[in-house]
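Protein chains in written order, with the working numbering: chain R, 1 to 434; chain B, 435 to 578. C-beta: ideal position from N, C-alpha, C; glycine also. The block underneath contains the structure these notes are about, expressed in structure tokens.
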Amino acid sequence: MFQPEWESMPRERLEEVQLERLRATLRRVYDNVPLYRERFDEAGLAPEVSTLAELADLPFTVKDDLRACYPYGLFAAPRSEIVRVHASSGTTGQITVVGYTANDISMWADLMARTLAAAGATRDDVVQVAYGYGLFTGGLGVHYGSERLGALTIPISGGNTRRQVQVLVDFGVTVLACTPSYSLLLAETAEEMGVDPRSLPLRAGVFGAEPWSENMRRQIESTLGIRATDIYGLSEVLGPGVATECAEQHGLHVNEDHFIIEIVDPATLRPVPDGETGEVVFTTITKEGIPVLRYRTRDISRIIPGECACGRTSRRMERITGRTDDMIIVRGVNVFPSQIEQVLAGVPGVAPHYQVILGKRGSMDTVEVHVEVAPDLAFDEVRELEELQRTVRGEIASALAVSIGVKLVEPRSIERSEGKAKRVVDLRDATGGE
Amino acid sequence: MIDQISVFLENEPGRLAQLCRTLGDAGVNMRALMVADTESFGVVRIICDRPQAARDALEAASFGVSVARVIAVEVPDRPGGLADVLEALGEEGINVEYAYCFVEPGSRAAVDVLKVDDERAAAVLESKGLRIVRAGEIYEPDPS
Numbered sequence: 001m002f003q004p005e006w007e008s009m010p011r012e013r014l015e016e017v018q019l020e021r022l023r024a025t026l027r028r029v030y031d032n033v034p035l036y037r038e039r040f041d042e043a044g045l046a047p048e049v050s051t052l053a054e055l056a057d058l059p060f061t062v063k064d065d066l067r068a069c070y071p072y073g074l075f076a077a078p079r080s081e082i083v084r085v086h087a088s089s090g091t092t093g094q095i096t097v098v099g100y101t102a103n104d105i106s107m108w109a110d111l112m113a114r115t116l117a118a119a120g121a122t123r124d125d126v127v128q129v130a131y132g133y134g135l136f137t138g139g140l141g142v143h144y145g146s147e148r149l150g151a152l153t154i155p156i157s158g159g160n161t162r163r164q165v166q167v168l169v170d171f172g173v174t175v176l177a178c179t180p181s182y183s184l185l186l187a188e189t190a191e192e193m194g195v196d197p198r199s200l201p202l203r204a205g206v207f208g209a210e211p212w213s214e215n216m217r218r219q220i221e222s223t224l225g226i227r228a229t230d231i232y233g234l235s236e237v238l239g240p241g242v243a244t245e246c247a248e249q250h251g252l253h254v255n256e257d258h259f260i261i262e263i264v265d266p267a268t269l270r271p272v273p274d275g276e277t278g279e280v281v282f283t284t285i286t287k288e289g290i291p292v293l294r295y296r297t298r299d300i301s302r303i304i305p306g307e308c309a310c311g312r313t314s315r316r317m318e319r320i321t322g323r324t325d326d327m328i329i330v331r332g333v334n335v336f337p338s339q340i341e342q343v344l345a346g347v348p349g350v351a352p353h354y355q356v357i358l359g360k361r362g363s364m365d366t367v368e369v370h371v372e373v374a375p376d377l378a379f380d381e382v383r384e385l386e387e388l389q390r391t392v393r394g395e396i397a398s399a400l401a402v403s404i405g406v407k408l409v410e411p412r413s414i415e416r417s418e419g420k421a422k423r424v425v426d427l428r429d430a431t432g433g434e
Numbered sequence: 435m436i437d438q439i440s441v442f443l444e445n446e447p448g449r450l451a452q453l454c455r456t457l458g459d460a461g462v463n464m465r466a467l468m469v470a471d472t473e474s475f476g477v478v479r480i481i482c483d484r485p486q487a488a489r490d491a492l493e494a495a496s497f498g499v500s501v502a503r504v505i506a507v508e509v510p511d512r513p514g515g516l517a518d519v520l521e522a523l524g525e526e527g528i529n530v531e532y533a534y535c536f537v538e539p540g541s542r543a544a545v546d547v548l549k550v551d552d553e554r555a556a557a558v559l560e561s562k563g564l565r566i567v568r569a570g571e572i573y574e575p576d577p578s
């Protein structure tokens, strides 16, 4: 552990710390952010709580609040104290801006050092940061954490995949940080270049910024010969460093000394007990630049009840199983692309590269999954390929309880992403689509 | 047994042309080409003069390629010639997955390409006096 005094703090003490910090945060946002002050005043609420449970009565913050307050309206520190901004493009509409004070940047570096340490990294490691640098939080977030840990840090950023492989080989990289889908593209490219990724000193990876499945983890681990750690964060709350897996690989420890996690029922918006699935909501309790109260992430997860064998006392969030806005409704059934990915990874003969295509036939919405055949499949007999197509269709139908058309497509025909993979293609509005 | 190149292709306008152009640019000369298609995809099977070069060129162009081992047998140039070949296999309970024919330039006999999953097939055909075409007659074995 990078900060054992915090990461393994007794829970009673942790909750005292949370309450104290939450109170300070409420005061801070009420005094400095017009939006919060108006919300409290309109609801007749005082910016005070006497227990952590009272948090559930306070108003939520949503992405649209950040858009409405673009660019600096939600900042709770004077502009002179803000030392950096990041921004999130989102998939639609205006970008949103978040600001960090020097204290925020330092706290963030600590939390990312915790994350890297939890993934098995030490000051003796060589860390290739292949997340994008720039307004996206991924690159600089991991970068500062890696330096805080004392590791040798390579700020290569995203893209130029062949050069990434060259650096991976030449610099003796031991830890890779990028999106999970990009790690597979790196492995594929390495093989094209005649490099066996398993023969490299690379031994660990921290992967986040997009949902991925347990099967995809196993594939990354066996293809690259590493331990793959799931990390979680979002710019509105901090960036990477909000939660991370430990060596147990069973849920992501939330840095609860800095963030309060709630899981709420997406319909009633009331908190659900530990163990039940719902939308993840975060309240930051130490951030100065842009604290957020009860920020609705749109991510779907649950708290895993019980203690973790690693010794950390923070509660664990299950890996994200989907987003409320990625959710596709197929004939009344909620479908998350990650569920489809999970099925595909379990079927031999297809690659984990897929897209869900939403279309229209007349007035009917149609859904079709395009999946690449594995490049090493023996393609000779049509009957076997048809059988494979039926198998994928059947597996999806039994896992998701809804029948979805499946089309096999050629190896490497689905566009590879250097950032977040585009899993859903919506062709229903051909004139105004993105 | 000879090497046949099998390529997975989506049903898209121009895709088969791209495949053929890729082979042409690589200097590969095709002897036979057969397309098996379904609603959404097809498998193209190719006999050519340089199977390894064909495979390398297609893989470099991101086609999904595999190599299948098939039997090439000379078919007598008379009515019922192919029926004789297939009956010989049928009598032994050997199932033919698929078959197609081509004619070598300057030859009077046709060559039938057979995909069978039975090791006895070649011996059965030879025992009936049929001539099995060797790989070396169709392409130069690749140096390896």
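Q) Considering only C-alpha positions, which residue in the set B/Ala466, B/Asp459 and B/Asn445 is nearest to isoleucine 439 of chain B? A) Counted from its first residue, the second sequence places residue 439 of chain B at position 5. Selected option, being the one with the closest Cα: B/Ala466.
Q) Of all the residues that make up the stretch 378 to 402 of chain R, which are near chain B by a beta-carbon distance shorter than 9 Å? A) Ala378, Phe379, Asp380, Glu381, Val382, Arg383, Leu385, Glu386 and Gln389
Q: Output yes if chain R places a C-beta closer than 8 Å to the C-beta of valine 462 of chain B; else output no.
A: Taking the first residue of the second sequence as position 1, residue 462 of chain B is located at position 28. Chain R contact via Cβ: absent.
(Q) Please give me, in chain order, every unbroken run of the beta strand (DSSP E) with length at least 3 that falls completely inside the stretch 444 to 508 of chain B. (A) 464 to 471 and 475 to 482
Q. Using DSSP with H/G/I as helix, E/B as strand and the rest coil, what is threonine 244 of chain R?
A. As a first step, residue 244 of chain R is located in the first sequence; it is residue number 244 there, counting from the start. If DSSP states are grouped into helix, strand and coil, threonine 244 of chain R belongs with the strands.
Q. Thinking C-beta only, is glutamate 560 of chain B closer than 8 Å to isoleucine 566 of chain B?
A. In the second sequence, counting from the first residue as 1, residue 566 of chain B sits at position 132. In the second sequence, counting from the first residue as 1, residue 560 of chain B sits at position 126. Yes. Within cutoff.
Q: Can you give me the start and stop residues for the beta strand (DSSP E) that serine 88 of chain R sits inside?
A: As a first step, residue 88 of chain R must be located in the first sequence, where it is residue number 88. Segment 82 to 88, the beta strand (DSSP E) holding serine 88 of chain R.
Q) Can you name the residues of chain R whose CB is closer than 8 Å to the CB of valine 441 of chain B? A) Translated into the one-based positions of the second sequence, residue 441 of chain B becomes position 7. Around valine 441 of chain B, the beta-carbon contacts reaching into chain R at under 8 Å are Phe379.
Q: Count the C-beta pairs between the stretch 185 to 199 of chain R and the stretch 220 to 229 of chain R that are closer than 8 Å, then say yes if the count reaches three, no if not.
A: yes
Q) Exposed or buried, threonine 122 of chain R, counting other C-beta atoms within 10 Å across all chains shown (16 or more means buried)? A) Along the first sequence, one-based indexing puts residue 122 of chain R at 122. Counting Cβ neighbours within 10 Å, threonine 122 of chain R comes out exposed, since fewer than 16 surround it.
(Q) Could you tell me the alpha carbon to alpha carbon distance between lysine 360 of chain R and isoleucine 328 of chain R, rounded to whole angstroms? (A) Walking along the first sequence from the start, residue 360 of chain R turns up at place 360. Walking along the first sequence from the start, residue 328 of chain R turns up at place 328. Going by the C-alpha atoms only, they are around 14 Å apart.
**Q.** Sequence ranges, beta strand (DSSP E) only - wholly within the stretch 289 to 352 of chain R, length at least 3
**A.** 295 to 301, 328 to 330 and 333 to 335
Q: Say whether chain R places a C-beta atom closer than 8 Å to the C-beta of phenylalanine 536 of chain B.
A: Position 102 of the second sequence, counting from 1, holds the residue named residue 536 of chain B. When Cβ-Cβ separations below 8 Å define contact, phenylalanine 536 of chain B makes no contact with chain R.
Q.
Going residue by residue through the stretch 62 to 144 of chain R, where are the continuous beta strand (DSSP E) segments of at least 3 residues, counting only ones entirely within it?
A. 82 to 88, 96 to 101 and 126 to 129
**Q.** Burial state of serine 578 of chain B, where buried means 16 or more other Cβ atoms lie within 10 Å
**A.** Taking the second sequence and counting its residues from 1, the one referred to as residue 578 of chain B is at position 144. With a pLDDT of 46 at serine 578 of chain B, under the threshold of 50, the modelled position of that residue is not reliable, and the figure given next carries that caveat. The residue in question, serine 578 of chain B, is exposed, as its Cβ has fewer than 16 Cβ neighbours within 10 Å.
(Q) Which residues of the stretch 403 to 415 of chain R have a Cβ closer than 8 Å to any Cβ of chain B? Give them in chain order. (A) Lys407, Leu408, Val409, Glu410, Pro411, Arg412 and Ser413
(Q) With distance defined between alpha-carbon atoms, name the residue in R/Val335, R/Tyr72, R/Arg84 and R/Arg319 nearest to asparagine 32 of chain R. (A) Numbered from 1 along the first sequence, position 32 holds the residue referred to as residue 32 of chain R. When only C-alpha atoms are compared, the closest one is R/Tyr72.
(Q) Between which residues of its own chain and aspartate 440 of chain R is the CB-CB distance below 7 Å, once the five residues before and five after are set aside? (A) The structure shown does not extend to residue 440 of chain R, since chain R is modelled only from 1 to 434, so the question has no answer here.
Q.
Cutting at 7 Å between CB atoms, please list the residues of its own chain near arginine 439 of chain R, excluding the five before and the five after it.
A. Look at the range of chain R in this structure, 1 to 434, and you will see that residue 439 of chain R is not part of it.
Q: Quick one: grab the DSSP three-state call for glutamine 3 of chain R.
A: As a position in the first sequence, residue 3 of chain R is number 3, starting the count at 1. The answer is coil: DSSP assigns glutamine 3 of chain R none of H, G, I, E or B.
Q. In terms of residue numbering, what span does the alpha helix (DSSP H) encompassing phenylalanine 40 of chain R cover?
A. Counting from one through the first sequence, the residue named residue 40 of chain R turns up at place 40. Its alpha helix (DSSP H) spans residues 34 to 43.
Q | Residues from the stretch 190 to 217 of chain R in contact with chain B, defined by Cβ distance under 8 Å | A | none
Q: Measure from the C-beta of threonine 472 of chain B to each C-beta in chain R and report whether the shortest distance is under 8 Å.
A: Here residue 472 of chain B is taken as the residue at index 38 of the second sequence, counted from 1. By this cut-off, threonine 472 of chain B is an interface position.
Q.
For the alpha helix (DSSP H) containing tyrosine 182 of chain R, name the first residue and the last one.
A. As a first step, residue 182 of chain R must be located in the first sequence, where it is residue number 182. Note, tyrosine 182 of chain R: alpha helix (DSSP H), 180 to 192.
Q. Are the CB atoms of glycine 275 of chain R and proline 266 of chain R nearer to each other than 8 Å?
A. As a working note, residue 275 of chain R is residue 275 in the first sequence. As a working note, residue 266 of chain R is residue 266 in the first sequence. Their beta carbons are not under 8 Å apart, which means glycine 275 of chain R does not touch proline 266 of chain R by this criterion.
**Q.** Own chain residues within Cβ distance below 6 Å of glutamate 386 of chain R, not counting five before or after
**A.** Locating residue 386 of chain R in the first sequence gives position 386, counting from the first residue. Nothing meets the Cβ criterion.
Q) Is the CB of leucine 373 of chain R under 8 Å away from at least one CB in chain B? A) Counting from 1 along the first sequence, the entry for residue 373 of chain R is found at position 373. One detail in the question is off: residue 373 of chain R reads as valine in this sequence, not leucine. Output row for valine 373 of chain R: interface = yes.
(Q) With distance defined between alpha-carbon atoms, name the residue in B/Arg554, B/Asp511, B/Gly570 and B/Leu492 nearest to aspartate 546 of chain B. (A) Here residue 546 of chain B refers to the residue found at position 112 when the second sequence is read from its first residue. Ranking B/Arg554, B/Asp511, B/Gly570 and B/Leu492 by Cα distance to aspartate 546 of chain B puts B/Asp511 first.
Q: Within the same chain, show all residues whose beta-carbon is closer than 6 Å to that of alanine 53 of chain R, passing over the 5 residues directly before and after it, in chain order.
A: Position 53 of the first sequence holds residue 53 of chain R. Here the set comprises nothing.
Q) For glycine 498 of chain B and chain R, any beta-carbon pair shorter than 8 Å? A) Counting from one through the second sequence, the residue named residue 498 of chain B turns up at place 64. Taking CB atoms only, glycine 498 of chain B has a neighbour in chain R less than 8 Å away.
Q) What did DSSP end up calling threonine 284 of chain R once you bin it into helix, strand or coil? A) Residue mapping note: residue 284 of chain R aligns to position 284 of the first sequence, counting from 1. Threonine 284 of chain R: strand per DSSP, three-state reduction.
Q) Hey, serine 88 of chain R and serine 235 of chain R: beta-carbon distance below 8 Å or not? A) To locate residue 88 of chain R, count along the first sequence from 1; it is residue 88. To locate residue 235 of chain R, count along the first sequence from 1; it is residue 235. It is a contact, given that the beta carbons lie within the stated cut-off.
Q) For glutamate 572 of chain B, which of helix, strand or coil comes out of DSSP? A) On the second sequence, position 138 is the one that residue 572 of chain B refers to. Here residue 572 of chain B turns out to be isoleucine, not glutamate, going by the sequence shown. In this structure, isoleucine 572 of chain B counts as helix in the three-state DSSP scheme.
Q.
Buried or exposed, going by whether 16 or more other CB atoms sit within 10 Å of the CB of aspartate 125 of chain R?
A. The residue given as residue 125 of chain R occupies position 125 in the first sequence. Sixteen is the threshold: when 16 or more other Cβ atoms of the shown chains lie within 10 Å of the Cβ of aspartate 125 of chain R, as they do, the residue is buried.
Q: Measuring only between beta-carbons, confirm whether alanine 488 of chain B sits less than 8 Å from chain R.
A: For this step, residue 488 of chain B is matched to residue 54 along the second sequence. No, because no Cβ of chain R sits closer than 8 Å to the Cβ of alanine 488 of chain B.
Q.
If the cut-off is 8 Å on Cβ atoms, which residues from the stretch 507 to 533 of chain B count as contacting chain R, listed in chain order?
A. Glu531 and Tyr532
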